[in-house]
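Respectively, the protein sequence lines represent chains G and H. All letters in the first sequence, in the order written, are residues 1 to 301 by my numbering. All letters in the second sequence, in the order written, are residues 302 to 740 by my numbering. Using N, Cα and C, we set each Cβ at its ideal position, and we do this for glycine too. The structure presented is a predicted model; accordingly, all values stated were derived computationally and were not measured. What follows is a short report on a single structure.
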Amino acid sequence: MKTITNKKNILYSKKELGQIQLLLPVILVVTVFSLAPLLRGIYLGFTDYRLGDPISFNGIENYKQLFSDEYFWNSFKIGMVWTFVVTAIQVSLGLGLALLLNSKVRFTSFYTILILIPWATPPIIRGILWRQMYEPNTGAVNILLTNLGLISAPINWLSSFEFVIPAVIVAGVWGEISKAAIFLLAGLQTIPNDLYEASKIDGAGLWDQFRHITIPVLKPVLAAIISLTFMWNFNTFGIIWVLTQGGPGGLTRLPMLAAYEEGFKYGYIGYAAAIGNVMVIILSLMLFMYIRVQLRERTES
Amino acid sequence: MKRNIYIVLILLVGTILFFLLTRKNNNHQNIPLRFVSLAWQEGTIATNKSIVNEWNAAHPDIQVEYIQGTWNSAHDYLITAFETGDVPDIFHYESSVIIDYAMRGYLTDLSPYISSEMKNDILDVAWATVTRPNGEVDGIPFLIESLVVLYNKSLFKKEGIIPPTIEYPWTWDDLQSAARKMTKDTNGDGVIDQYGAGLGLRNSANIIMNTSISFGGSFFKKEGNHFVVKVNDEEKKLLQTIVDMLYKDKSVSPASIGETGAGMIPGLFSGRYAMLVGIGSWGRQQLVENAPKEFQWGVMPPIKAKTQTYGASTQTLSIPKKSKRAKEAMMFIDFMLSSKNTARLALNDWMIPARISCLSMPEFKDKIGGWDITCSAVSTLSIGSWLGAPGYVEWKSRVANPVLQELFAGRMSIDDAARRIEHESNIVLSRYKKRGEVW
C-alpha cells in the first residue's frame, strides 16, 4: 500500500500540486457549506430527530412510515404534475425564444437582456410580484380581464380550487423560460450555417430544417436542459411558498413544501430529512433512465 | 502565485476565527438582553420601542435591545434559535404556540418569578391559556385575542336595521336575517354589489374553533389521557350556518373564501359588505388608520348561539430555557407588562388588556372605538377544550384549515368534511400519542 501511495505522490507534477492548491479554498468552502450539511441531512433521515428531543438512530422506520403516508404521496403527485407541465412549457417556449433570438433580427442583445431579467429576479421577489398581479381587487390580472370584458366578478386566483394550479404554473414558467432559452441559444449558435445552406439547395423548407438539422444537433443540449430544468422544477419552493403556502386545501403543496412543513412547522426533522433522501433517490432514478435513453439514441444514430 | 494562495487561506481562516471569537462574547454580562417583538401595527411598534427606551434609561446596567420580528417568520426563527442555543432572552408570541414549545422543553417556567401583584391582576382566563396543570407558567399573557363583529353604522341606518347592544345581543338567526336583508343589487345592473356580511375564511380554524364553544361544541374531547376529535351536531350546526349564508342565502360576500380577516377590512369600509364577522379586535385599529374619516362603524357584542361564550387565546412574553439571564429578563417583563404599560400596549394594538386594573380604566370603557363592547366580552371568554392537546398546532394547519377551505369553497358536504376531519385528526394525534407527550 505504502509504496503505491508514494509512487502516486511522485506522479504528481509540480504543476498539478499548484492546481490543487488553487482549488483548496473552493474545496474548503464546498466541504463546509455543501458537503457537510448534505451528509448530515442524509444521516438525519435515519434518525427520529424531532425538535426538542435528543437524536437517536432508528434505521428505516421513517421510510416505512413514509411509504404509507398519503399526505406525502399526495404532494408527490402534485409535484409530478407541476414538474412535467412546467418543464415541458419552459423548454418548448425557451426553444421558441432561442430560435427567434438566433434568427437575424435587429437588437438581439437587447432582447436577450429583456428575457434575462425575470431569471435574474430571485424566486421570492417573483412570487411577490405575481401575488400582487393576482390580487383579487387591485391586481393587474383581474383589472385587465375585467376591462377586456372577459370576467364580471374578480377571481381570487390563488385561493380558488379551479384556478390556482394554472395560476402558479404561469408564474412558475415565466421566471425560468429565460434559463432554457439562454442555454438553447448557445446550442443554436454552434450549428454551422453551411448545414442550413446545403439543405436549402436540396430544397428543404424551414420545418424540414428544424426537424432534420436543428433538433438532431441540439439534442445533447436539449437533453441537458430538460434534465436540469426537471430537477429545478421538482425542487421548487420559494415561489410557491410566497404565492400560496401550499394552499388552498393543500392543492399546491409541492414535495419540498411538504418536507419543509414536516421539518420546520411540525418539528419532525428526521422525517423531513427522510423525505429529502427519498426525493433525491427518485429524482436520480428518473434522470438516470432519461439520460440512458438519450445516450442509447445517440450511439444508435 | 503561491503567496496569493496563502493570503487567501489566511484570510479565510481569519474570518472563521473572527466569527467564532466574536460569538463567544455574547455571554458577557454587558451585552444587552435581546427582546424579539412581533408588534406589527405602527402604533404598537412605537409603544414597544418607547417602553424599551424607558427601561434602558432607568437601567443602565441591564440594557434591552429591541428586535423586530414578524408573525410570518417567528416560528422558523424561534425553533432555529432554540435548537442552536442562540436565543433571544425575551420573545413575544401567542399562547397556543408557546404551549407547543413548552411541551418540547424550550421554555423557562416563569411561575417562581411572578410577583403577587401581577398574579392577582391578570385575568384567570388569561392565566389559564399559559398555565400547565402542574402549575408551570410558560409565558406572561398581556393581550387577549378575541373575535368581534364590526359593522357599517351608516349602512345599517340606511337599511333600517337596529344593531344589537350589550343588553340585547343578536343570535345567529338575527345575524343571518339581517345579512339577508342587506344583500342586494344597489345599482340595478343585475349583479349583487352589497352583501350582508364578510368573513375572513382563508385560515378559518381559529374562528371556527373559538366560535364553536358558543354552539356548545369543542372539536377536542378528552378520552382518558388522550384527546380525540369529534365533529358532532353542535360543531356541524356552526359549519352549516356559515355554509348556508354563503350558498343558500348568498348573504356572505364570495370574496370571503380565501381571504384573511385583515384582507377583508377594506371591503367593509368601501361598503361591499355591511358586517365583518369573526375579526380580531385589532381590526378596529385598521379601520381607524385606513378607513375614510366619515366612515361610521361599530362593534357588536358576541353573537349568541347556545351561549355567548367564545374561546380566547392570549399574546404572551416568554423566556427561552437557554437564556442565561432569565432573572434579568423577567425583571424587564415585569416592567414591560406593568399595569400602565399593558394599558398602553392594549390601547395601541386595539386589543383587550389581560390585566383587571386596566379594564377598569376609563379608556377601556369608552364608547368611541367600541372599547366598551369589546371589553365587556371579557366575562364571556373561556378556554377551549383543545388547550394543551399535544399536536394542536399541527392539527390546525394540517387538518382543520385545508378541510375548512374545501368546505367553504363548496367542494364538499358538511358530513364529508366532518368525516375527513375526524379521520385525519386520528393520524395527526396518534403521532403525539406515540410519544406520550402531555401538557
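Within chain G, the residues whose beta carbon sits less than 9 Å from that of residue 376 of chain H are 264, 265, listed in sequence order. Taking the Cβ atoms as the reference, residue 686 of chain H lies roughly 7 Å from residue 522 of chain H, within the contact range of under 8 Å.
At least one CB of chain G lies nearer than 8 Å to the CB of residue 559 of chain H. Beta-bridge partners of residue 393 of chain H (DSSP): H/618.
A straight-line Cα-Cα distance of about 41 Å links residue 660 of chain H and residue 246 of chain G.
Residue 594 of chain H carries a coil assignment under DSSP once its states are collapsed to helix, strand and coil. Counting only runs of 4+ residues, the alpha helix (DSSP H) found wholly inside the region 36-86 of chain G occupies 36-44, 61-67, in chain order. DSSP places residue 522 of chain H in the uninterrupted beta strand (DSSP E) bounded by 521-524. A contact is defined here as three or more CB-CB pairs under 8 Å, and the region 291-298 of chain G meets this definition with respect to the region 216-223 of chain G. For residue 369 of chain H, the enclosing beta strand (DSSP E) stretches over residues 365-369. By the C-beta criterion, the region 612-625 of chain H is judged to be in contact with the region 381-398 of chain H, since at least 3 inter-stretch pairs fall below 8 Å.
Residue 243 of chain G is positioned such that its CB atom lies closer than 8 Å to that of residue 130 of chain G. The region 664-675 of chain H and the region 406-422 of chain H do not touch, with fewer than three beta-carbon pairs separated by less than 8 Å. Interface with chain H (8 Å Cβ-Cβ cutoff): residue 75 of chain G is excluded. When Cβ-Cβ separations below 8 Å define contact, residue 156 of chain G makes contact with chain H.
By the Cβ-count criterion, residue 166 of chain G is exposed, with fewer than 16 other Cβ atoms from all chains shown falling within 10 Å of its own Cβ.
Residue 695 of chain H counts as buried, since at least 16 other C-beta atoms from the protein chains shown sit within 10 angstroms of its C-beta. The beta-carbon separation of residue 656 of chain H and residue 675 of chain H, rounded to 15 Å, does not stay under the 8 Å limit for a contact. A straight line joining the alpha-carbon of residue 371 of chain H with that of residue 265 of chain G spans about 16 Å.
Distance between residue 95 of chain G and residue 543 of chain H, taken at the CA atoms: about 50 Å. For the region 695-720 of chain H, the residues whose beta carbon sits under 7 Å from a beta carbon of chain G are, in order, 695, 698, 703, 706, 707, 710, 712. The C-beta of residue 304 of chain H has fewer than 16 other C-beta atoms within 10 Å across all chains shown, which makes the residue exposed.
With a contact defined as Cβ atoms closer than 8 Å, residue 552 of chain H and residue 498 of chain H qualify at about 6 Å.
The Cβ neighbour count for residue 436 of chain H, taken over all protein chains shown within 10 Å, is under 16; the residue is labelled exposed. By the C-beta criterion, the region 187-206 of chain G is judged not to be in contact with the region 123-143 of chain G, since fewer than 3 inter-stretch pairs fall below 8 Å. The beta carbons of residue 368 of chain H and residue 337 of chain H sit about 5 Å from each other, so the pair counts as a contact at 8 Å. Residues of chain G whose Cβ lies closer than 8 Å to the Cβ of residue 308 of chain H do not exist; the shortest such Cβ separation is about 11 Å. A Cβ-Cβ distance of about 6 Å is found for the pair residue 511 of chain H and residue 448 of chain H, placing them in contact under the 8 Å criterion. Residue-level contact check: residue 311 of chain H does not touch chain G, since none of the beta carbons of chain G fall below 8 Å from its beta carbon. In the DSSP assignment, residue 293 of chain G falls within the alpha helix (DSSP H) that extends over 269-300. Annotation: the continuous alpha helix (DSSP H) that includes residue 376 of chain H extends over 375-385. In the displayed model, residue 693 of chain H falls within a helix according to three-state DSSP. Distance between residue 241 of chain G and residue 270 of chain G, taken at the CA atoms: about 22 Å.
For the region 20-31 of chain G, residues whose beta-carbon sits nearer than 9 Å to a beta-carbon of chain H comprise 21, 22, 24, 25, 28, 29.
Taking 8 Å as the cut-off, the Cβ atoms of residue 539 of chain H and residue 493 of chain H do not count as close.
Taking a Cβ-Cβ threshold of 9 Å, the residues of chain H close to residue 52 of chain G are 380, 383, 384, 402, 404, 405, 406, 407, in chain order.
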